[in-house]
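Residue numbers (my numbering): 1 to 288.
The beta-carbon is built from N, C-alpha and C at its ideal position, and this holds for glycine as well.
Computed from a prediction, not measured in an experiment: that's the story for all the values here.
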């Protein structure tokens, strides 16, 4: 069983390494990598279950595939992840549906620790990426941030944030446990800073994450930001799932010169780093 789990982990890390390289270079994750990982994981677990291993070893992967499919779909349809990211979490769910034999037992399921590590690494990675983008496009970023700060809804957000923060901070002084009090005070501070964090994220998006491309440069799943009209007739309507191949052909046929798309952050590298940390038995929560 140890050798099988080592094989599965090795396949996962090789696939994540290749996917990270593709994602950074092209902003795409080839289907052959994600589907290859999914079917490799299912196949290896099925073969192992035919031998000395219990069928739980295989069916746990099927259950994990269903759970991670729901998680990936949620993140995809809310535009938090691209299609490649959603498929990758499914692949990791299959491969790491049970705790690898070479990893020490823990109270929290291995797959849950993996997801937690990916989320934390992803948050830090996104913050660093955002800082780099805001510096690279600092003039546009400053202009967009100034515009957002002057919007009426920003005043409402500030009032709500300050009111909520006052209540939370006041409640903190009723807490006897010092560590819990620090946690509540931190939550109050985060609520107070939320409007400015929102401005920062939106300013980065508007200044650095939108670009005009020719229809020929579009790929399936790209997020086109506006409906496209020809002679006042809509030939493409914005979809949460991104543009499809037939839509791209329509735009090319209609001789559309360019469309506005939102370019996401390549997010597979945090999957790669988070998986390495988890396989090495590092739970980032232990260091927070």
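Taking C-beta atoms as the reference points, residue 121 and residue 273 count as a pair closer than 8 angstroms. Bounds of the beta strand (DSSP E) holding residue 212 are 210 to 213.
By a beta-carbon distance limit of 8 angstroms, residue 90 does not contact residue 47. Their separation comes to about 20 angstroms. Residue 41 and residue 176 have their C-alpha atoms spaced approximately 49 angstroms apart. With a beta-carbon spacing of about 7 angstroms, residue 210 and residue 225 fall inside the 8 angstroms limit used to define contacts. Judged by DSSP secondary structure, residue 228 falls within the beta strand (DSSP E) whose first and last residues are 228 to 230.
The DSSP-derived three-state label of residue 224 is strand. DSSP, reduced to helix, strand and coil, places residue 6 within a helical segment of the structure shown.
Looking at the DSSP output, residue 262 bridges to 210, 223. Rounded to whole angstroms, the gap between the alpha carbons of residue 59 and residue 77 is 27 angstroms.
When 151, 160, 189, 150 are compared, the shortest CA-CA separation from residue 169 is found for 189.
Separation of residue 203 and residue 148 (C-alpha to C-alpha, rounded to the nearest whole angstrom) is 8 angstroms. Looking at the DSSP output, residue 234 sits in a beta bridge with 229. Following the DSSP letters along the chain, one finds residue 134 inside the alpha helix (DSSP H) bounded by residues 110 to 136. Under the 10 Å beta carbon count, residue 72 is surrounded by 16 or more other beta carbons and is classified as buried. Selection 103, 251, 86 evaluated against residue 3 yields 103 as nearest (Cα-Cα). Remark: fewer than three beta-carbon pairs, one from each stretch, lie closer than 8 angstroms, so the segment 130 to 141 and the segment 158 to 165 are not flagged as touching. Short of 6 angstroms from the beta carbon of residue 234, and not among the five residues preceding or following it, lie these beta carbons of its own chain, in chain order: 227. Note on geometry: alpha-carbon atoms of residue 18 and residue 256 lie some 34 angstroms from one another.
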